[in-house]
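Asks:
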Amino acid sequence: MQSTFPWGDVSVYVAGHRGLVGSALWRALESAGVGKLIGWSSKELDLRDRDATFAAITEAKPDIIIDAAAKVGGIMANSTFPVEFLRDNTLIQTNVMDAAHACDVERLLFLGSSCIYPRHATQPIRESSLMTGPLEPTNQAYAMAKISGIFYIEAHRTEYGRRWISAMPTNLYGPGDNFDLQSSHVLPAFIRRFHEAKVAGAPTVTVWGTGTPRREFLHVDDLAQACLVLLQHYDTHETINVGLGDDMPIRELAETVASVVGFEGTIEWDSSKPDGMPRKLLDTSRINELGWKPQISLRDGVASTYEWYLANKA
Ligand code: GDP
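Going letter by letter, the sequence shown gives residues 1 to 314 in UniProt numbering.
#1: Less than 7 Å between the beta carbons of Phe92 and Pro62, yes or no?
#2: Distance, Cα to Cα, Leu109 vs Phe190?
#3: Buried or exposed: Gly133, going by 16 or more other Cβ atoms within 10 Å of its Cβ?
#4: When every heavy atom of the ligand GDP is checked, does at least one fall within less than 6 Å of the C-beta of Val186?
#5: Within 10 angstroms of the Cβ of Gln225, are there 16 or more other Cβ atoms? Answer buried if so, exposed if not.
#6: Going by beta carbon distance, what residues of the same chain come within less than 8 Å of Ala28, once the five residues before and after it are set aside?
#7: Please list the terminal residues of the continuous alpha helix (DSSP H) segment that includes Val229.
#8: What is the DSSP secondary structure of Ser166, reduced to helix, strand or coil?
#9: By how many angstroms is the C-alpha of Lys36 removed from the C-alpha of Val96?
#10: Taking 6 Å as the cut-off, is the beta-carbon of Asp275 closer than that to any non-hydrogen atom of the ligand GDP?
#11: Tell me the DSSP secondary structure of Leu281 in three-state form.
#12: Tell me whether the region 164-172 and the region 98-113 touch, counting them as touching only if at least three CB pairs, one residue from each stretch, are closer than 8 Å.
#13: Should Gly209 be listed as close to the ligand GDP, given that the test is whether its C-beta is under 6 Å from any heavy atom?
#14: May I ask you to check if the CB of Asn178 is nearer than 6 Å to at least one heavy atom of the ligand GDP?
#15: The alpha helix (DSSP H) with Val257 in it runs from where to where?
#16: With distances taken between CB atoms, is the gap from Ala99 to Phe54 smaller than 7 Å?
#17: Is the CB-CB distance between Thr158 and Cys103 below 7 Å?
#18: If you compare alpha carbons, which of Ile153, Glu216 and Arg286 is closest to Gly301?
#19: Three or more beta-carbon pairs under 8 Å between the region 226-246 and the region 279-294, yes or no?
#20: Which residues share a DSSP beta bridge with Tyr309?
#21: Should the region 77-93 be regarded as contacting the region 249-261, the criterion being three or more beta carbon pairs within less than 8 Å?
#22: Is any heavy atom of the ligand GDP found at a distance shorter than 6 Å from the C-beta of Gly74?
#23: What residue does the beta strand (DSSP E) around Tyr13 start on, and which one ends it?
#24: What does a CB cutoff of less than 6 Å around Ala70 pick up in its chain, not counting 5 residues either side in sequence?
#25: Report yes or no: is there a C-beta of chain D within less than 7 Å of the C-beta of Asn178?
#26: Ends of the alpha helix (DSSP H) at Glu264?
#27: The beta strand (DSSP E) that contains Thr204, what's its start and end?
#28: What residue range does the alpha helix (DSSP H) around residue 327 cover?
#29: Please tell me whether Val205 and Arg192 are closer than 7 Å, where the distance is taken between their beta carbons.
#30: Run through the region 79-153 for me and flag every whole alpha helix (DSSP H) of 4 or more residues, listed as ranges in chain order.
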């Protein structure tokens, strides 16, 4: 395979193709006309099972693997279950990469998250901030697993000359998201909370923290396009950020989601719940130089995600 290739000539295994990110990748690869798409649901293949993972991947022998399989969750799930977040993610990524190595997969893209960067990293956060300070405690276990994944990618490049890469997306949302209030991230939680309050005619909705932390929100379809660009054009050992380049206070996100959903009551803030990282705005100059920029505005993205929620979950 050359450094750029026609999608029609390659087979791609998307690990985690039923998840928020994996299903967006699947849609994007289908539209790009990829030669063969491979995916197993977690019931068909438990990626924590090393033997089963080796058997499936070495038999399929894909040209490209995108590793979007992970145990993910919002601030509460992440801080309540550090054992599962560290163990499952380490097992999944190690098994996938070792199996990929065993059958000479030439291109592999490993996806992490912006929580890998130090809590007090200089904003906007450059890729070179990795490992320059202590992590945010509420998502430390997940971050530790993902950091070891980044280094595992680098190690395969250095030791075996593999053309594998890693990318770190900012906070993501979109169709197929997790709307469970205990384990979800903030944006789907707001959609559900405001929708249920509107339907019930409740005058107030209580949400977590102070509303002052800042976050950026990228639609998963924008991330999927970024991944296609990276597989074609990015081939260096350093990880690469995928973000919007712009963030907002959680309080402003709450107002936007409430307005899209049509909740007109009062929003109350429960400051006994954790705020998490004060800010994690990614510096996106590196990926912007490759010609990628997000296309979906927050308002449009929230509106289409709300439609998906109404059709599938409400
Ligand atoms: P984080 O980016 O890893 O901190 O993950 P989250 O998306 O879970 O949380 C982002 C911010 O939204 C934090 O400051 C939370 O306290 C705040 N937040 C407010 N209400 C909620 C909620 O109902 N669910 C979640 N997950 N976060 C909330």
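No residue lacks a Cβ here, since even glycine has one placed at the ideal position from N, Cα and C.
Replies: Once the coordinates are examined:
#1: The question names Phe, yet the displayed sequence has Ile at residue 92. Their beta carbons are not under 7 Å apart, which means Ile92 does not touch Pro62 by this criterion.
#2: 31 Å
#3: exposed
#4: yes
#5: So Gln225 ends up on the buried side.
#6: The beta carbon of Ala28 sits closer than 8 Å to the beta carbons of Asp221, Ala224, Gln225, Cys227 and Leu228 from its chain, once the five residues preceding and following it are set aside; these are given in chain order.
#7: Val220 to His233
#8: strand
#9: 19 Å
#10: yes
#11: coil
#12: yes
#13: yes
#14: no
#15: Taken as a continuous stretch (DSSP letters only), the alpha helix (DSSP H) holding Val257 covers Ile250 to Val261.
#16: yes
#17: no
#18: Glu216
#19: yes
#20: Paired residues: none, contrary to the question.
#21: Taking 8 Å as the limit for Cβ pairs, the verdict is that the region 249-261 does not touch the region 77-93.
#22: yes
#23: Ser11 to Ala15
#24: Asn89
#25: The chain inventory of the structure shown lacks chain D, comprising one protein chain alone.
#26: From DSSP, Glu264 is part of no alpha helix (DSSP H); its letter is neither H nor E.
#27: Thr204 to Trp208
#28: Since the first and last residues shown for the chain are 1 and 314, residue 327 lies out of range.
#29: no
#30: 82-102
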